[in-house]
Amino acid sequence: VARRREHLTPYHMRYLERKYKHCSKPQECEIHGVAKALHVGEEQIRTWFRNRRSEDFLTE
1343 VARRREHLTP
1353 YHMRYLERKY
1363 KHCSKPQECE
1373 IHGVAKALHV
1383 GEEQIRTWFR
1393 NRRSEDFLTE
């Protein structure tokens, strides 16, 4: 059975962007804290940060 993807809300995006500006490569404990604060999975947070770093790299 395929799992449905949980979409991030505008609030989540603002929160993640603020965290990204502070640190683009968060430690595991920081990822855990962000995931818990936003009530989403840690893997989704890891993927978001990975994609955001890639976006920065490609726009340079």
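Residue numbers for the sequence shown follow the numbering used here, beginning at 1343 and rising by one. Backbone N, C-alpha and C define an ideal beta-carbon position, used for all residues, glycine too. What you are looking at is a predicted structure, and each value in this text was computed from that prediction instead of being measured.
Is Val1376 helix, strand or coil when you go by DSSP? Counting from 1 along the sequence shown, the entry for residue 1376 is found at position 34. In this structure, Val1376 counts as helix in the three-state DSSP scheme.
So, Pro1368 versus Phe1399, is the Cβ gap smaller than 8 Å? One-based indexing of the sequence shown puts residue 1368 at position 26. One-based indexing of the sequence shown puts residue 1399 at position 57. Cβ atoms of Pro1368 and Phe1399: not closer than 8 Å.
Considering only C-alpha positions, which residue in the set Lys1378, Ile1387, Arg1356 and His1374 is nearest to Arg1347? Locating residue 1347 in the sequence shown gives position 5, where the first residue counts as 1. Minimum Cα distance to Arg1347 is reached at Ile1387.
According to DSSP, is His1364 part of a helix, a strand, or is it coil? Translated into positions along the sequence shown, residue 1364 becomes position 22. Residue state, collapsed to three classes: helix.
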